[in-house]
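Quick note on numbering: the sequence shown equals residues -19 to -1, 1 to 334 in mature numbering (1 follows the signal peptide of the UniProt record, and there is no 0).
See below for the structure under consideration.
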Amino acid sequence: MKALLLSMLLFCSTLFTFASESMTFYKASDPRFFYMGRGDFSNPDHPTFWVPGAQIIFRFKGNACTVNLTDEHLYDRFFNYVQFIVDGHYSRFKLSSAQNELSVGDHLKDTVHTVIICKTTESNIGYLQFNGATCHELLPHPVPPKRKIEFIGNSITCGTGSDQSEIPCGKGEWYDEHNSYLSYGPVTARTLDAQYHLTSYSGIGLIHSCCGLKFVMPQIFDKIDLLDDSLQWNFEKYQPDVVTICLGQNDGIQDATKFCNAYIDFIHTLRKDYPKAHIVLLSSPMADSTLSPVLKGYISMVAERLNASGDKRVSKFFFSKRYHGGCASHPTLMQHQLMAHELTQYLKKLMHW
């Protein structure tokens, strides 16, 4: 009996050793990983991301794979949420430690798999660092879409307060309902077969931010780390075909001349970085019956003045109704889908996509 037990243990040990030996750790600097979203690549073995919606995309062959992620664990309190999309199957979970070794899926078939890892929380929850993956065989990443979109905005664009599938509004931490992957921007981009960047921050405004923020979007737009307004972004790395701007909700009603002039100045700055992009000014889908018509008036005035001055690649798009069924009157996941459908139809026509 002891001999039989010893034989079984040796057999299992041999299998485990064989499985371990057949797995290889691939550093994050391996060109077979594709990255989408602003990141700090000063150390290519440990790229770091603050912005919501940043993605790591790769393919591997085999029945198992793990990824190594570092969470900033900001203030010794916050943990990022990440989403894994494996062969189109979606899961979302909250990281629980600074160092995380995570399986990308259970009971996978021994075949080729496509993996997307998405940082679904925003800059003020801290950075997410990707250190690499361990799998049987890393394959070349999928060919990325040629079309490119950038979505500039506030908490709406971040997907704040949208996902109540696990924790209801008012429970847990304020960011527990974040879901940038299923917010209107990324959904629109995927529908249009486009890459996307989210340059968004909760509470941010054009000339006035809420919630105690000491900065506005024109001040942090050109950064990688939006939280600390640091690390200069190189705009040559990503030239979008379309840029949408959804700002004004946190500004509230302002002096029309001051707001419109600041908006025009911001677009002039954008135009220096994106000389060929179509810039679309969006209404705020959260705005109530008092704020909404005022913001639409501002946006119309800005678009008209820029068009009159010769910039014909600036247009406006107003959502058809108010979307405010989520936490703190933010759009829900379903409402983000409806918003994305509206915006998709507009961009299809605008860009002939």
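For every residue, glycine included, the Cβ atom is placed at its ideal position computed from N, Cα and C.
Keep in mind that this is a model prediction, so the values were computed, not measured.
Kindly identify the DSSP beta-bridge partner or partners of residue 128. BP columns for residue 128 point to 175.
Straight-line CA distance for residue 134 to residue 101? 15 Å
Which residues in the same chain as residue 75 place their Cβ atom closer than 7 Å to its Cβ, once the five residues preceding and following it in sequence are excluded? 60, 62
Candidates 29, 270, 271: which alpha carbon is nearest residue 17's? 29
Our contact map puts residue 214 next to residue 222 with C-beta atoms below 8 Å; I'd like the distance itself, whole angstroms only. With 8 Å as the limit, residue 214 and residue 222 do not qualify as a contact, their Cβ atoms being about 18 Å apart.
Reduced DSSP secondary structure (H/G/I, E/B, other) of residue -19: The pLDDT assigned to residue -19 is 40, lower than 50, so where the model puts this residue is not dependable; a value taken from the coordinates is nonetheless given after this. Residue state, collapsed to three classes: coil.
Decide if residue -14 is buried, meaning its Cβ has at least 16 other Cβ atoms within 10 Å, or exposed. Interpretation of residue -14 is limited by its pLDDT of 32, a score under 50 that renders its predicted location unreliable; no figure is taken from the coordinates.
Leaving out five residues before and five after residue 148 in sequence, what residues of the same chain have Cβ atoms less than 8 Å from its Cβ? 157, 158
What first and last residue would you give for the alpha helix (DSSP H) that runs through residue 107? No alpha helix (DSSP H) holds residue 107; DSSP gives it neither H nor E.
Kindly provide the ranges of any beta strand (DSSP E) runs that are 3 or more residues long and lie completely inside the segment 175 to 258, ordered along the chain. 175 to 181, 204 to 206, 211 to 213, 223 to 227
Extent of the continuous beta strand (DSSP E) run through residue 48: Looking at the DSSP string, the run of the beta strand (DSSP E) that includes residue 48 is 36 to 52.
Expressed to the nearest angstrom, what Euclidean distance is found between the alpha-carbon atoms of residue 232 and residue 190? 6 Å
Spell out the partners DSSP gives residue 116 in its beta bridges. 5, 46
Run of the beta strand (DSSP E) containing residue 70, from where it starts to where it stops: Bounds of the beta strand (DSSP E) holding residue 70 are 70 to 75.
For residue 285, count the other beta carbons within 10 Å of its own beta carbon; 16 or more makes it buried, fewer makes it exposed. Which is it? So residue 285 ends up on the exposed side.
Take residue 114 as the anchor and find which of 319, 39, 272 has the nearest alpha-carbon. 39
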